[in-house]
Amino acid sequence: MAPDLLSGVLVYGATGYTGHLVAKKVKEVGLRATLAGRNAEKVKAIANEVQLPYEVFDLSDSAKLDNSVGRHAVVLHIAGPYTYTARPMVDACLRKKAHYIDVTGELRVVEAVQQHDEEAKASGVTLMPAIGYDASAGDCLAAHLKKRLPTATHLDLGLFVPRFAGSYRPRSLMFSRGTLKSFLVGILANGGVVRRDGKLVYEALGARCRTFDLGEGGHAPFVSFAGSELIAAHHSTGIPNITTYIYSALSFPTNRVFTGLLSSRAFQSVAQFAIDKILPRGPAEIDAEAIRAGAVGEARDEKSGKIVRTFATSGSGYPFTAKMAVEVTRQILNGNFKPRFQTVASAYGPEFLLSIPGVKFEDLPGS
437 MAPDLLSGVL VYGATGYTGH LVAKKVKEVG LRATLAGRNA EKVKAIANEV
487 QLPYEVFDLS DSAKLDNSVG RHAVVLHIAG PYTYTARPMV DACLRKKAHY
537 IDVTGELRVV EAVQQHDEEA KASGVTLMPA IGYDASAGDC LAAHLKKRLP
587 TATHLDLGLF VPRFAGSYRP RSLMFSRGTL KSFLVGILAN GGVVRRDGKL
637 VYEALGARCR TFDLGEGGHA PFVSFAGSEL IAAHHSTGIP NITTYIYSAL
687 SFPTNRVFTG LLSSRAFQSV AQFAIDKILP RGPAEIDAEA IRAGAVGEAR
737 DEKSGKIVRT FATSGSGYPF TAKMAVEVTR QILNGNFKPR FQTVASAYGP
787 EFLLSIPGVK FEDLPGS
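As numbered in this note's numbering, residues 437 to 803 make up the sequence shown, in order.
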């Protein structure tokens, strides 16, 4: 199906915390959209709230899935954990020639989607996973650093750096249930991963610790983890050696003990139960707007010794994700897309990130 504004976008997973924000943003900007999910009562409630049509089906029902995907130009897939949900939706998009977008941060998922590159090319569609606030910020930051240092051989990315609006401090959970479950199932369960000489190398979670210069935010400790940027940033920059780190408020010795606990099966079973039964659905609206998620990157040329560093403020995390999802969807519907597997940076360049209000790059001194 040719992409046009008449066929519009299917938003699957509209009942989740992020999906709800996306549904409201889609309505706000006037995109032709259909909301979908597997829980009829919840989908109907949100559809009535935003006054958009809706459909109800499970991803295991391939007939209904194909029928729905086949009537839309773009699928905006917001239902995680993507470890369980991405494959059936990607397969349906390839069968029905619809563009695929998601907001995952799960490395294994992005790697699996990338393996459909040639099929996407043959179908004339884009497969663009990982456009959420953490992954797209890291991807575009990497591309920005590559522009600053075209000969870069190594890239370190520090992600999930918390910043807040003014003196405000959040009173609720910073992450949604869906984000936490995806982080447990799709990231922590994989242990640690780095990219060396172009290949993924597996190691212990938190095997590497370092500090990053955060500009006016001082210095902070980070530990290594399996970030989706190991796929996305490599695709958009070609830098052969990449390590992704996550911000930690703990000391380095404590980090090594704590990350070992996080990757254990026993902890993950208990944590998933607690997420579903105890934690709130996601941040309160006032907190979601106040939280400023940042990322910091360092690129270096091993031969010359030159190093460049940049800090990216990516705005309020969940509202940012909704804005980015809608903006990428709008670009594709208007015919601005590249078939095959893409990332935000490979499709639109690092400056595309700056089109989202509140986002900026700060090239750090001494680099």
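Where a beta carbon is used, it is the ideal one built from N, C-alpha and C, also for glycine.
- Between the alpha carbons of L457 and L471 lies a gap of roughly 12 Å.
- By the neighbour-count criterion, in which a residue is buried when 16 or more other Cβ atoms sit within 10 angstroms of its Cβ, P801 is exposed.
- By the Cβ-count criterion, R736 is buried, with 16 or more other Cβ atoms from all chains shown falling within 10 Å of its own Cβ.
- Counting only the Cα atoms, Y448 lies some 10 Å from F493.
- When H535, L512 and E464 are compared, the shortest CA-CA separation from N772 is found for H535.
- Counting along the chain, no alpha helix (DSSP H) covers G651, and no H or E run does either.
- Here V630 has V637 and T679 as same chain residues with Cβ atoms under 6 Å from its own Cβ, once five neighbours each way along the sequence are excluded.
- With a beta-carbon spacing of about 32 Å, L591 and G455 fall beyond the 8 Å limit used to define contacts.
- The straight-line gap separating the alpha-carbon atoms of R644 and G730 is approximately 20 Å.
- Here D502 has A528, R531 and K532 as same chain residues with Cβ atoms under 8 Å from its own Cβ, once five neighbours each way along the sequence are excluded.
- Non-local beta-carbon contacts of A469 in its own chain, meaning distances under 7 Å to residues more than five positions away in sequence, involve G444, V445, V447, V462 and L488 in chain order.
- With a cutoff of 8 Å on beta-carbon distance, T765 and L495 are scored as not near each other.
- DSSP places A534 outside both helix and strand once states are collapsed to three, so it counts as coil.
- The DSSP-derived three-state label of S559 is helix.
- In this structure, R632 sits away from Y681, with a CB-CB distance that is not shorter than 8 Å.
- T757 is not a Cβ neighbour of V546, given a cutoff of 8 Å.
- Cβ neighbours of N475 within its own chain (closer than 7 Å, five residues either side excluded): T451.
- A direct Cα-Cα distance of roughly 6 Å separates V479 from G473.
- In the DSSP annotation of this structure, the continuous segment of the beta strand (DSSP E) that includes T680 starts and ends at N677 to Y683.
- In the DSSP assignment, G594 forms a beta bridge with Y681 and V732.
- Bridge pairing for E639: G628 [DSSP].
- Secondary structure note for G473: its beta strand (DSSP E) is the uninterrupted segment A469 to G473.
- Bridge partners of V511 according to DSSP: L446 and Y536.
- Fewer than three beta-carbon pairs drawn from the segment 578-586 and the segment 547-559 are found closer than 8 Å, and the two stretches are therefore not classed as touching.
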